[in-house]
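Right, one structure below, let's go through it.
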Ligand SMILES: Nc1ncnc2c1ncn2[C@@H]1O[C@H](COP(=O)(O)OP(=O)(O)OP(=O)(O)O)[C@@H](O)[C@H]1O
Ligand SMILES: [Mg+2]
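Residue numbers (this note's numbering): 45 to 407.
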């Protein structure tokens, strides 16, 4: 049983470069936490501090009741998998996988037993005598994983392990990863900027931006109740529509249409802001009959992108005298569109509201 605790971790390179700002996280046994965020937000710095490859400026790292902050990487009992695989090029697969066990002077019979277990689990039996240069990218990544698993560490750390693979292989190895980590219990911290990986693999996702945690929650919560405008726009593909609208009384104005503000905002008139950000995912925008009384907006469709099972419509909506807003709608690929003038319904239970100043979720 291990619990990884990161307590108020900070990394400051200079007053202008503070990639990690007071982050606290807990990852328990059987939990798979993903650090998700755009390039440069501090994901690798965070992971490297946990691994001991980088000293934090402030904060502590605990494994169970052991403060590992002062320990060298080799003394932390954590295994890290890098994007670059970092295999020994002169050693065959067998030697690559067992190197760390031999270093720890494990009895030969134990080394062989663990090697057999892990190579069977990862389908590496027929590759054990090959050198890394004789393997494909996916096979190399599996060897890198095997090398981490064979150590049976207390904590697994993975930094973008799939990003060197092509799209098809990434999908396949992602599914393999899920199965492998579901079968073992040590806490996993996984770094990626790929939201599909984060959503499919994790039990918890921490969305990072500019060195701070924007939201820490289960993947479905992140998707269905994003805590702020950044998370709303970062998670989900195609991206959530985010429209800045003027407020009038208890309504937000979308062109000629008025959309009721949600209860908690409407209830306190003095708190109604001048502008508000309305979010709706493209798959939640419904196309309705032109005269339908459900229509709450009307748009001119200027682009149709065919995505296979669905098509993505880009619609231009009149808004004010000169302004137009763009809204995207994801509809079934075979939905008939008799005209490029399209009526839309925005279901009230699918709307997200954000403060236009702070970006925080409202309601
Ligand atoms: N040694 C260093 N000195 C100064 N700044 C650094 C140093 N290492 C990293 N940084 C800065 O810290 C920030 C975070 O870097 P980090 O590698 O953690 O980002 P990341 O989220 O892993 O990005 P990516 O997705 O591109 O890998 C970046 O702005 C980077 O330029
Ligand atoms: Mg990185």
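Beta carbons: idealized from backbone N, C-alpha and C, even for Gly.
Neighbour-count burial assignment, residue i, 16 or more Cβ in a 10 Å radius
| i | result |
| --- | --- |
| residue 236 | buried |
| residue 15 | The structure shown has nothing for residue 15, since the chain only spans 45 to 407. |
| residue 87 | buried |
| residue 320 | buried |
| residue 348 | exposed |
| residue 134 | exposed |
| residue 363 | buried |
| residue 78 | buried |
| residue 350 | exposed |
| residue 131 | buried |
| residue 312 | exposed |
| residue 381 | exposed |
| residue 163 | buried |
| residue 346 | exposed |
| residue 216 | exposed |
| residue 334 | exposed |
| residue 57 | exposed |
| residue 365 | exposed |
| residue 281 | exposed |
Residue i Cβ short of 7 Å to ligand 2 heavy atom set
| i | result |
| --- | --- |
| residue 87 | yes |
| residue 204 | yes |
| residue 36 | What is shown of the chain runs 45 to 407, which leaves residue 36 out entirely. |
| residue 235 | yes |
Cβ distance (whole Å) where residue i is taken to contact residue j below 8 Å
| i | j | result |
| --- | --- | --- |
| residue 296 | residue 305 | 6 Å |
| residue 105 | residue 255 | No, residue 105 and residue 255 are not in contact; Cβ-Cβ is about 17 Å, not under 8 Å. |
| residue 342 | residue 388 | 7 Å |
| residue 357 | residue 368 | At roughly 15 Å, the Cβ-Cβ gap does not stay under 8 Å, so residue 357 and residue 368 are not in contact. |
| residue 252 | residue 80 | 7 Å |
| residue 290 | residue 199 | Between residue 199 and residue 290 the Cβ distance is about 50 Å, and since that is not below 8 Å, they are no contact. |
| residue 194 | residue 159 | 7 Å |
| residue 71 | residue 231 | 4 Å |
| residue 129 | residue 188 | 4 Å |
| residue 375 | residue 355 | 6 Å |
Cβ pair residue i, residue j closer than 8 Å
| i | j | result |
| --- | --- | --- |
| residue 218 | residue 247 | no |
| residue 339 | residue 391 | no |
| residue 95 | residue 201 | yes |
| residue 101 | residue 140 | no |
| residue 107 | residue 48 | yes |
| residue 90 | residue 67 | yes |
| residue 186 | residue 168 | yes |
| residue 398 | residue 269 | no |
| residue 395 | residue 322 | yes |
| residue 176 | residue 184 | yes |
| residue 408 | residue 229 | Past the boundaries of the shown model lies residue 408; the chain is included only from 45 to 407, so the question cannot be answered. |
| residue 155 | residue 145 | yes |
| residue 190 | residue 166 | yes |
| residue 127 | residue 205 | yes |
| residue 250 | residue 263 | no |
| residue 403 | residue 308 | no |
| residue 225 | residue 76 | yes |
| residue 400 | residue 317 | yes |
| residue 209 | residue 181 | yes |
| residue 360 | residue 377 | no |
| residue 103 | residue 161 | no |
Near ligand 1: residue i beta-carbon under 7 Å from a heavy atom
| i | result |
| --- | --- |
| residue 128 | no |
| residue 170 | no |
| residue 103 | no |
| residue 57 | yes |
| residue 63 | yes |
| residue 96 | no |
| residue 293 | no |
| residue 180 | no |
| residue 81 | yes |
| residue 84 | yes |
Short CB-CB distance (under 8 Å) between residue i and chain C
| i | result |
| --- | --- |
| residue 374 | Protein chains in the displayed structure number just one, and chain C is not present. |
Residue i CB to nearest heavy atom of ligand 3 below 7 Å
| i | result |
| --- | --- |
| residue 392 | Ligand 3 is not part of this structure, which contains only ligand 1 and ligand 2. |
| query | Enumerated in chain order, which unbroken segments of the alpha helix (DSSP H) with a length of 4 residues or greater are wholly contained in the region 317–400? | reply | Runs of the alpha helix (DSSP H) inside the region 317–400: none found.
| query | Which residue spans inside the region 70–115 form an unbroken beta strand (DSSP E) run of at least 3? | reply | DSSP assignment within the region 70–115 yields the following whole beta strand (DSSP E) runs of 3 residues or more, N-terminal first: 76–80 and 102–107.
| message | Give the list of continuous alpha helix (DSSP H) stretches no shorter than 4 residues that lie fully inside the region 265–310. | response | Look at the region 265–310 and you find these whole runs of alpha helix (DSSP H), each 4 residues long or longer: 273–278 and 307–310.
| said: Just to confirm the assignment: which complete alpha helix (DSSP H) runs, minimum length 4, are found wholly within the region 158–187? | reply: Segments of the alpha helix (DSSP H) lying fully in the region 158–187: there are none.
| Can you list the alpha helix (DSSP H) stretches of 4 or more residues lying completely in the region 191–239, in chain order? | For the region 191–239, whole alpha helix (DSSP H) runs of length 4 or above, ordered along the chain, are 211–226.
| said: List, from N- to C-terminal side, the beta strand (DSSP E) runs of 3 residues or more that fit wholly inside the region 110–153. | reply: Runs of the beta strand (DSSP E) inside the region 110–153: 122–125.
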